[in-house]
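Colleague: Structure in structure tokens, see below.
Number of protein chains: 2
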Amino acid sequence: MNFSQRITSMQQSPIRKLVPYAEAAKKNGKKVYHLNIGQPDIKTPVEFFDAVKNFNENVLAYSLSQGMPELINSFRKYYEKYGIHFDQDEILITNGGSEALIFSLIAVCDYQDEVLIPEPFYTNYNGFSNMAGVKVVPITTKAENGFHLPEKTELEKLITTRTKAILLSNPGNPTGTIYTKDEIYMLRDIAKEYNLFIIADEVYREFVYDGLEFTSFAHLDDIKDRVIITDSISKRYSACGARIGCIASKNKDLMKQILKLCQGRLCVPTIEQVGAANLINVKDEYFEETNREYSKRRDVVYEALKNMDGVVCEKPHGAFYVIAKLPVKNAEDFVVWMLTDFDVNNDTVMMAPAEGFYGTEGLGKDEVRISYCLNVEDLKNAMKILDEALKVYPDRK
Amino acid sequence: MNFSQRITSMQQSPIRKLVPYAEAAKKNGKKVYHLNIGQPDIKTPVEFFDAVKNFNENVLAYSLSQGMPELINSFRKYYEKYGIHFDQDEILITNGGSEALIFSLIAVCDYQDEVLIPEPFYTNYNGFSNMAGVKVVPITTKAENGFHLPEKTELEKLITTRTKAILLSNPGNPTGTIYTKDEIYMLRDIAKEYNLFIIADEVYREFVYDGLEFTSFAHLDDIKDRVIITDSISKRYSACGARIGCIASKNKDLMKQILKLCQGRLCVPTIEQVGAANLINVKDEYFEETNREYSKRRDVVYEALKNMDGVVCEKPHGAFYVIAKLPVKNAEDFVVWMLTDFDVNNDTVMMAPAEGFYGTEGLGKDEVRISYCLNVEDLKNAMKILDEALKVYPDRK
Numbered sequence: 001m002n003f004s005q006r007i008t009s010m011q012q013s014p015i016r017k018l019v020p021y022a023e024a025a026k027k028n029g030k031k032v033y034h035l036n037i038g039q040p041d042i043k044t045p046v047e048f049f050d051a052v053k054n055f056n057e058n059v060l061a062y063s064l065s066q067g068m069p070e071l072i073n074s075f076r077k078y079y080e081k082y083g084i085h086f087d088q089d090e091i092l093i094t095n096g097g098s099e100a101l102i103f104s105l106i107a108v109c110d111y112q113d114e115v116l117i118p119e120p121f122y123t124n125y126n127g128f129s130n131m132a133g134v135k136v137v138p139i140t141t142k143a144e145n146g147f148h149l150p151e152k153t154e155l156e157k158l159i160t161t162r163t164k165a166i167l168l169s170n171p172g173n174p175t176g177t178i179y180t181k182d183e184i185y186m187l188r189d190i191a192k193e194y195n196l197f198i199i200a201d202e203v204y205r206e207f208v209y210d211g212l213e214f215t216s217f218a219h220l221d222d223i224k225d226r227v228i229i230t231d232s233i234s235k236r237y238s239a240c241g242a243r244i245g246c247i248a249s250k251n252k253d254l255m256k257q258i259l260k261l262c263q264g265r266l267c268v269p270t271i272e273q274v275g276a277a278n279l280i281n282v283k284d285e286y287f288e289e290t291n292r293e294y295s296k297r298r299d300v301v302y303e304a305l306k307n308m309d310g311v312v313c314e315k316p317h318g319a320f321y322v323i324a325k326l327p328v329k330n331a332e333d334f335v336v337w338m339l340t341d342f343d344v345n346n347d348t349v350m351m352a353p354a355e356g357f358y359g360t361e362g363l364g365k366d367e368v369r370i371s372y373c374l375n376v377e378d379l380k381n382a383m384k385i386l387d388e389a390l391k392v393y394p395d396r397k
Numbered sequence: 001m002n003f004s005q006r007i008t009s010m011q012q013s014p015i016r017k018l019v020p021y022a023e024a025a026k027k028n029g030k031k032v033y034h035l036n037i038g039q040p041d042i043k044t045p046v047e048f049f050d051a052v053k054n055f056n057e058n059v060l061a062y063s064l065s066q067g068m069p070e071l072i073n074s075f076r077k078y079y080e081k082y083g084i085h086f087d088q089d090e091i092l093i094t095n096g097g098s099e100a101l102i103f104s105l106i107a108v109c110d111y112q113d114e115v116l117i118p119e120p121f122y123t124n125y126n127g128f129s130n131m132a133g134v135k136v137v138p139i140t141t142k143a144e145n146g147f148h149l150p151e152k153t154e155l156e157k158l159i160t161t162r163t164k165a166i167l168l169s170n171p172g173n174p175t176g177t178i179y180t181k182d183e184i185y186m187l188r189d190i191a192k193e194y195n196l197f198i199i200a201d202e203v204y205r206e207f208v209y210d211g212l213e214f215t216s217f218a219h220l221d222d223i224k225d226r227v228i229i230t231d232s233i234s235k236r237y238s239a240c241g242a243r244i245g246c247i248a249s250k251n252k253d254l255m256k257q258i259l260k261l262c263q264g265r266l267c268v269p270t271i272e273q274v275g276a277a278n279l280i281n282v283k284d285e286y287f288e289e290t291n292r293e294y295s296k297r298r299d300v301v302y303e304a305l306k307n308m309d310g311v312v313c314e315k316p317h318g319a320f321y322v323i324a325k326l327p328v329k330n331a332e333d334f335v336v337w338m339l340t341d342f343d344v345n346n347d348t349v350m351m352a353p354a355e356g357f358y359g360t361e362g363l364g365k366d367e368v369r370i371s372y373c374l375n376v377e378d379l380k381n382a383m384k385i386l387d388e389a390l391k392v393y394p395d396r397k
């Protein structure tokens with residue numbers, strides 16, 4: 001039996017494909033520090049669980065396809081804190097940020113249309129594009145200058161008649177980059193000049209450090225009909241398992257179109273929506289504490305990497321990832337080797353090889369993505385282990 | 001701003017698009033019997049809510065992309081009751097039956113490949129196919145012979161080099177048809193001869209009446225590598241809002257491919273999975289009672305329709321829908337008219353125009369889908385109202 005070309009050509013998740021090696025390591029008695037995955041260890045606010053426990057219906061019925069009004073309102077109130085106003089019909093609740101991205105791509109692109117995405121990018125952008133039959137055109141950015149965007153003219157060279165949108169995450173996953181106001185304005189100008197949508201994945205909005213200013217694309221009034229915000233409660237409230245996200249856009253006609261996709265899959269799970277709606281009652285201190293904690297973790301990881309011989313990495317200012325260029329020939333081989341052949345007192349580290357985060361063949365082969373979702377003590381140990389490993393790895397550059 | 005061709009050409013849900021008329025009717029003080037939507041009024045088993053209330057983690061984390069092992073096991077045990085054995089890696093948990101269908105289509109079809117679907121069909125098959133860029137080739141079936149399949153030779157005429165699968169629901173939504181063993185075997189033969197997959201949507205497996213035998217495609221050992229079962233707890237346990245479904249197939253290579261799609265969207269909501277896993281502890285009496293209740297409801301609706309002047313409808317034997325051909329020029333106009341211009345003591349009825357359940361242009365214009373999810377008393381009233389309405393409707397055929 002033959003399967004479709006699009007599914008067989010789809011890459012395995014670079015974040016998850018090496019998990020069997022980690023499992024084998026654990027079976028052999030090793031402790032593995034998981035720096036490969038963005039699963040925060042921060043507690044989910046009790047407000048979520050309280051609302052779930054108080055759910056008291058007899059019939060677990062379909063909710064509205066656009067999402068429960070209470071949850072839409074909860075998102076609206078949240079955006080107001082950032083000075084962003086969305087009407088009730090300008091937000092659609094989705095199955096996590098993932099569905100928000102897939103629906104956005106389907107809504108603006110036909111088969112084989114093109115989307116510009118700065119690389120390295122969140123690896124599942126590849127999968128979503130593949131599912132939607134959309135061609136990813138990478139905008140290459142480099143570790144050496146903190147993964148900031150190239151000049152406007154460089155970007156313009158990539159635009160064709162099939163280009164329909166620019167998709168990017170800000171703060172960036174996997175780079176931790178916060179785009180500057182100038183970069184945001186440059187993308188705005190390009191969107192206007194070339195009649196493009198901007199799909200802005202802003203799920204890490206709260207994770208901006210060093211007092212940097214974060215500019216949401218939703219702040220740009222003159223392109224409000226071109227901006228699609230995709231969002232999620234997963235990281236903001238450490239509620240990855242809820243799979244609650246949304247699409248927000250001031251382009252009401254677009255939202256009416258996307259509502260048809262929402263109706264197709266009927267609704268988003270009711271109980272998780274009930275929990276998520278109550279998150280609006282979480283105090284601001286929760287975010288402040290979380291931000292401080294991640295900022296500390298970032299420091300631990302960055303300071304350690306900076307002092308490792310041959311490692312290249314600019315200080316990331318957002319999200320909870322960093323891409324590091326390692327002095328090894330092949331980062332995936334190195335990651336596997338750390339799981340199969342290396343330990344310090346029976347402890348080792350798992351990272352995500354960065355190659356799968358690039359759209360351009362051959363890039364990222366000597367890079368890894370490190371997620372700093374663990375506590376400071378664990379991160380310190382993990383960095384020591386990585387340092388030791390690099391010193392003795394036989395296949396260095 | 002232009003949207004994609006595929007989204008603008010997507011039809012609005014025929015089940016939901018007339019809701020504004022129903023809302024207006026309610027605002028004007030009318031009571032509306034909702035026969036348009038398959039939302040059961042049966043209580044969701046307490047086992048679901050108990051498990052949810054006992055969920056006691058601090059961090060609502062991602063679960064495994066393939067689904068929680070406990071939930072996969074719960075589905076496995078459930079299938080064993082039907083004499084169907086699936087290994088742990090032959091089941092993937094999905095966001096309802098909807099995602100199971102989308103993933104199946106993406107896995108076996110490339111862009112513009114074709115899928116045969118008996119019409120009238122569950123209207124969202126159109127939406128899923130549209131999203132997946134797959135062409136629906138309808139196999140026309142008719143009210144007059146209970147929507148059973150045409151001869152093999154008729155079916156074969158529809159097959160081209162682009163045909164990759166036959167998709168069908170059994171028991172049928174919106175027809176209530178239970179395919180006979182002969183029909184199942186005919187489809188098996190076609191699948192073998194023409195190298196096709198069978199995507200069998202069996203979410204109404206428990207809703208078979210009149211002592212009829214239900215044959216699952218999973219029982220056909222000689223085409224086990226061609227069969228993809230899509231399933232859901234929505235109807236079986238009256239848990240539509242949980243959005244828990246699965247894909248099950250003995251084709252392990254196919255499941256490995258589909259797992260990549262599961263990894264792309266990370267996971268299905270954790271708490272709803274916890275609730276769903278506990279449904280394996282629901283006693284068999286729950287299904288027996290539910291089945292008896294729906295069988296009674298079916299009788300109420302069918303007996304009433306049979307006695308209405310000019311209405312054509314064969315007795316449905318499964319699911320909880322019936323397609324009725326009405327003596328009106330245009331069923332959608334009639335449905336709207338019932339909401340805007342008709343009532344009996346301030347009560348009226350909403351149905352789903354059946355045109356949207358057909359792939360062939362022009363079919364179903366005088367048909368409606370009636371869902372018998374309401375209790376017997378309400379259904380009796382609703383049928384009386386429909387009868388009265390048909391008598392006085394000005395635009396009869």
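Protein sequence lines correspond, in order, to chains A and B.
Every letter in the first sequence is one number past the one before it in the UniProt record's numbering, and letter 93, counting from 1, is 93.
Every letter in the second sequence is one number past the one before it in the UniProt record's numbering, and letter 133, counting from 1, is 133.
Ideal Cβ placement from N, Cα and C applies to all residues, glycine included.
Less than 7 angstroms between C-beta atoms, sequence neighbours within five positions excluded: which residues of the same chain meet that for residue 238 of chain A?
Modeller: For this step, residue 238 of chain A is matched to residue 238 along the first sequence. For residue 238 of chain A, where only same-chain residues beyond five positions count, the Cβ hits under 7 angstroms are 40, 42, 43 and 44.
Colleague: Within 10 angstroms of the Cβ of residue 182 of chain A, are there 16 or more other Cβ atoms? Answer buried if so, exposed if not.
Modeller: By one-based count along the first sequence, residue 182 of chain A stands at place 182. Looking at its Cβ environment, which holds fewer than 16 other Cβ atoms inside 10 Å, residue 182 of chain A is exposed.
Colleague: Three or more beta-carbon pairs under 8 angstroms between the segment 371–387 of chain A and the segment 23–39 of chain A, yes or no?
Modeller: Touching, yes.
Colleague: For the beta strand (DSSP E) holding residue 350 of chain A, just list the boundary residues, first then last.
Modeller: The residue labelled residue 350 of chain A in the question sits at position 350 within the first sequence. Residues 347–350.
Colleague: For the alpha helix (DSSP H) holding residue 297 of chain B, just list the boundary residues, first then last.
Modeller: The residue labelled residue 297 of chain B in the question sits at position 297 within the second sequence. Taken as a continuous stretch (DSSP letters only), the alpha helix (DSSP H) holding residue 297 of chain B covers 284–306.
Colleague: Between the segment 49–70 of chain A and chain B, which residues of the former have a C-beta closer than 9 angstroms to a C-beta of the latter?
Modeller: Of all residues in the segment 49–70 of chain A, 49, 52, 53, 55, 56, 57, 58, 59, 60, 61, 62, 63 and 65 have a Cβ within less than 9 angstroms of some Cβ in chain B.
Colleague: Can you find a C-beta in chain A that's less than 8 angstroms from the C-beta of residue 197 of chain B?
Modeller: Residue mapping note: residue 197 of chain B aligns to position 197 of the second sequence, counting from 1. With 8 angstroms as the cut-off, residue 197 of chain B counts as an interface residue toward chain A.
Colleague: Using the rule of at least 16 other Cβ atoms within 10 Å of the residue's Cβ for burial, across every protein chain shown, is residue 2 of chain A buried or exposed?
Modeller: As a first step, residue 2 of chain A must be located in the first sequence, where it is residue number 2. Classification for residue 2 of chain A: exposed.
Colleague: Relative to the C-alpha of residue 178 of chain A, which candidate in A/130, A/188 and A/147 has its C-alpha closest?
Modeller: Looking up residue 178 of chain A in the first sequence gives position 178. Nearest C-alpha to residue 178 of chain A: A/147.
Colleague: State the beta-bridge partners of residue 92 of chain A as determined by DSSP.
Modeller: The count along the first sequence starts at 1 and reaches residue 92 of chain A at position 92. BP columns for residue 92 of chain A point to A/247.
Colleague: Would you list, in sequence order, the uninterrupted alpha helix (DSSP H) runs of no fewer than 4 residues that lie entirely inside the segment 326–381 of chain A?
Modeller: 331–340, all fully within the segment 326–381 of chain A.
Colleague: Which partner residues of residue 197 of chain A appear in the DSSP bridge assignment?
Modeller: As a first step, residue 197 of chain A is located in the first sequence; it is residue number 197 there, counting from the start. Residue 197 of chain A is bridged to A/165.
Colleague: If you measure beta-carbon to beta-carbon, which residues of the segment 264–296 of chain B are closer than 8 angstroms to chain A?
Modeller: Those residues of the segment 264–296 of chain B that come within reach of chain A (Cβ to Cβ, closer than 8 angstroms) are 264, 265, 266, 267, 268, 269, 270, 271, 272 and 275.
Colleague: State the DSSP-derived secondary structure class of residue 117 of chain B, mapped to helix, strand or coil.
Modeller: Within the second sequence, numbered from 1, the residue matching residue 117 of chain B stands at position 117. DSSP places residue 117 of chain B in strand when its eight states are reduced to three.
Colleague: If residue 400 of chain B sits next to residue 324 of chain B, beta carbons under 8 angstroms apart, how far is it from one beta carbon to the other, in whole angstroms?
Modeller: Residue coverage of chain B in this structure runs from 1 to 397, which leaves residue 400 of chain B outside it and unanswerable.
Colleague: Enumerated in chain order, which unbroken segments of the alpha helix (DSSP H) with a length of 4 residues or greater are wholly contained in the segment 132–189 of chain A?
Modeller: Listed in chain order, the complete alpha helix (DSSP H) runs (minimum 4 residues) inside the segment 132–189 of chain A are 152–156.
Colleague: With DSSP as the reference, identify every bridge partner of residue 31 of chain B, one or two as the case may be.
Modeller: Residue 31 of chain B sits at position 31 when you count from the first residue of the second sequence. BP columns for residue 31 of chain B point to B/347.
Colleague: How big is the Cα-Cα spacing for residue 175 of chain B and residue 260 of chain B?
Modeller: In the second sequence, counting from the first residue as 1, residue 175 of chain B sits at position 175. In the second sequence, counting from the first residue as 1, residue 260 of chain B sits at position 260. Taking the straight line from one Cα to the other gives about 34 angstroms.
Colleague: Going along chain A in order, which residues have a C-beta closer than 9 angstroms to the C-beta of residue 108 of chain B?
Modeller: Translated into positions along the second sequence, residue 108 of chain B becomes position 108. Chain A residues near residue 108 of chain B: 1, 2, 3, 4 and 7.
Colleague: May I have a chain-ordered list of the alpha helix (DSSP H) segments no shorter than 4 residues that lie completely inside the segment 226–279 of chain A?
Modeller: Segments of the alpha helix (DSSP H) lying fully in the segment 226–279 of chain A: 252–264 and 270–277.
Colleague: Closer than 7 angstroms by beta-carbon distance: list the chain B residues that pair up with residue 10 of chain A, in chain order.
Modeller: Here residue 10 of chain A is taken as the residue at index 10 of the first sequence, counted from 1. Within 7 angstroms Cβ-Cβ: 260.
Colleague: What three-state label does DSSP hand residue 311 of chain B in the structure shown?
Modeller: In the second sequence, counting from the first residue as 1, residue 311 of chain B sits at position 311. In this structure, residue 311 of chain B counts as coil in the three-state DSSP scheme.
Colleague: Per DSSP, what are the beta-bridge partners of residue 318 of chain B in this structure?
Modeller: Taking the first residue of the second sequence as 1, we reach residue 318 of chain B at position 318. According to DSSP, which records beta bridges pairwise, residue 318 of chain B is partnered with B/208.
Colleague: Output, in chain order, the set of chain B residues within a Cβ distance shorter than 7 angstroms of residue 411 of chain A.
Modeller: Missing from the structure shown is residue 411 of chain A; chain A here goes from 1 to 397 and no further.
Colleague: Can you tell me which residues form a DSSP beta bridge with residue 7 of chain B?
Modeller: Here residue 7 of chain B refers to the residue found at position 7 when the second sequence is read from its first residue. Beta-bridge pairing links residue 7 of chain B to no other residue.
Colleague: Against chain A, with Cβ distances strictly below 8 angstroms, would residue 438 of chain B count as a contact?
Modeller: Coverage of chain B is limited to positions 1 through 397, which leaves residue 438 of chain B absent and any answer about it impossible.
Colleague: What whole-angstrom Cβ distance do residue 96 of chain B and residue 232 of chain B have, given they're in contact under 8 angstroms?
Modeller: Along the second sequence, read from residue 1 onward, the residue named residue 96 of chain B stands at position 96. Along the second sequence, read from residue 1 onward, the residue named residue 232 of chain B stands at position 232. Residue 96 of chain B to residue 232 of chain B, Cβ: 5 angstroms. Contact.
Colleague: May I ask which residues mark the beginning and end of the alpha helix (DSSP H) holding residue 58 of chain A?
Modeller: Here residue 58 of chain A is taken as the residue at index 58 of the first sequence, counted from 1. Neither: residue 58 of chain A is in no alpha helix (DSSP H) and is coded neither H nor E.
Colleague: Along chain A, in chain order, which residues have C-beta atoms closer than 8 angstroms to that of residue 16 of chain B?
Modeller: Within the second sequence, numbered from 1, the residue matching residue 16 of chain B stands at position 16. Ordered by position in chain A, the residues that pass the 8 angstroms Cβ test against residue 16 of chain B are 65 and 263.
Colleague: Assuming contact is defined by CB atoms lying nearer than 8 angstroms, are residue 263 of chain B and residue 68 of chain B in contact in what I supplied?
Modeller: Looking up residue 263 of chain B in the second sequence gives position 263. Looking up residue 68 of chain B in the second sequence gives position 68. No.
Colleague: For a test of the three-state rule: what should DSSP assign to residue 76 of chain A, helix, strand or coil?
Modeller: Taking the first sequence and counting its residues from 1, the one referred to as residue 76 of chain A is at position 76. Residue 76 of chain A falls in the helix class under three-state DSSP.
Colleague: Please compile the residues from chain B whose C-beta is within a distance smaller than 8 angstroms of the C-beta of residue 251 of chain A.
Modeller: Locating residue 251 of chain A in the first sequence gives position 251, where the first residue counts as 1. Those are 1, listed as they occur along chain B.
Colleague: Quick one: is residue 128 of chain A near chain B, going by C-beta distance under 8 angstroms?
Modeller: In the first sequence, the residue the question calls residue 128 of chain A occupies position 128. It does: the Cβ of residue 128 of chain A has a partner Cβ on chain B nearer than 8 angstroms.
Colleague: CB-CB under 6 angstroms to residue 344 of chain A, same chain, minus the five flanking residues each way: which ones, in chain order?
Modeller: On the first sequence, position 344 is the one that residue 344 of chain A refers to. Closer than 6 angstroms at Cβ, skipping near neighbours: 385 and 388.
Colleague: With H, G and I counted as helix, E and B as strand and the rest as coil, what does DSSP make of residue 106 of chain B?
Modeller: The residue labelled residue 106 of chain B in the question sits at position 106 within the second sequence. DSSP places residue 106 of chain B in helix when its eight states are reduced to three.
Colleague: Between the segment 71–100 of chain B and chain A, which residues of the former have a C-beta closer than 8 angstroms to a C-beta of the latter?
Modeller: Under the 8 angstroms Cβ criterion, the segment 71–100 of chain B contributes 95, 96, 98 and 99.
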